[in-house]
Every structure is written in structure tokens, then in C-alpha cells.
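Before any comments, here is the structure.
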Amino acid sequence: MKIAVTSVGTEMDSQVDPRFGRAACFIVVETETMAFDVVENGNVASAGGAGINTAKAVIDTGAQAVLTGNCGPNAERTLRAGDIKLYTGVKGTVAEALEQFKAGALTEATGPSVDSHAGMGQ
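This is how it looks when you write it as C-alpha cells:
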């Protein structure tokens with residue numbers, strides 16, 4: 267299974283980025299092998315549409331789930347339309363987040379965790 271984790275850095279020991287649409291990057295991990303790719307987020311400084319455009323970029327990676335701190339309504343709807351499971355409230359390192367996911371310790375989100383434009387100006 268491919269999992270996309272928002273990250274402030276490019277390594278598995280980087281912290282999970284609390285923002286989805288304006289996350290610094292995504293670490294996309296194949297959970298069977300733990301092989302990963304880093305996808306830089308070109309929407310960090312977008313004036314608008316960061317959540318939707320970031321969600322589209324994640325869909326294009328083939329990820330089946332996203333682990334992040336927070337996700338707004340536009341991004342959440344786009345991820346759902348792409349049949350991607352969303353897990354919010356995730357903290358710690360990317361590696362720790364993946365271990366929590368694999369252990370079944372994370373709960374799938376039932377909606378957005380923040381209002382629109384919550385990640386702007388951070």
C-alpha cells in the first residue's frame with residue numbers, strides 16, 4: 267500500500283508537517299518494502315487553491331492514504347473524490363506515523379480538521 271505523509275523534510279526521521287495543502291513535501295512510502303519517494307509540494311506559497319492542487323498531486327502519486335496533521339475542506343473533498351483515505355491529527359516523525367498506521371493506531375478522518383485557508387501565513 268502506498269501512503270503519503272506530509273513532512274517538513276525529506277527523510278523518514280523528519281517531522282510530520284501539520285499542514286496538508288502547504289506542507290513542505292510528501293514522503294510517499296510503499297508500506298511493504300518501506301521504499302519511499304519525496305515529492306516536493308509546489309503549492310507552499312500559492313495565493314489560493316493550495317489544498318485542491320496538493321490533493322491532486324497526491325492522487326497522481328498513486329497513494330491510497332494520507333497521514334497529516336490537518337486538512338481543510340477543499341482538500342478533503344478532493345482526496346475523497348480520488349478515493350484516498352485521510353488520517354489527521356498525526357504527529358511525530360514520518361517513520362513514527364507509519365508505524366502508528368501499520369499498528370492500526372490511527373483513526374480515519376470523517377471530514378476536514380480545519381476551516382478553509384487555515385494553513386496560510388504559517
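Residue numbers for the sequence shown, in the working numbering: 267 to 388.
All C-beta atoms, glycine included, are put in the ideal place defined by N, C-alpha and C.
Residues near V356 by beta carbon distance below 7 Å, same chain, minus five either side: V282, L333, T334, G335, A363 and L372
Could you tell me how far apart the beta carbons of R285 and T299 are, in whole angstroms, since I believe they sit closer than 8 Å? At roughly 28 Å, the Cβ-Cβ gap does not stay under 8 Å, so R285 and T299 are not in contact.
Here's a check: name, in chain order, each residue in its chain whose Cβ is nearer than 7 Å to the Cβ of A329, leaving out the five neighbours to either side. K268, I269, A270, V294 and I350
So who's on the other strand from L345, going by DSSP bridges? In DSSP, L345 forms no bridge with anything.
Go ahead and label A301 buried or exposed: buried means 16 or more other beta carbons lie within 10 angstroms of its beta carbon, across all protein chains shown. exposed
Can you look up F302 in the DSSP assignment and give me helix, strand or coil? strand
Rounded separation between R288 and A323 - CA only: 12 Å
Range of the contiguous alpha helix (DSSP H) that encloses I350: I350 -> no alpha helix (DSSP H), and no H or E assigned at all.
Which same chain residues, not among the five before or five after E306, have their C-beta less than 6 Å away from its C-beta? C291
Mind checking whether A321 and A341 have CB atoms under 8 Å apart? yes
With 16 as the cutoff for other CB atoms within 10 Å, does A347 come out buried or exposed? exposed
CA nearest to the CA of A331, picked from E374, V304 and V360: E374
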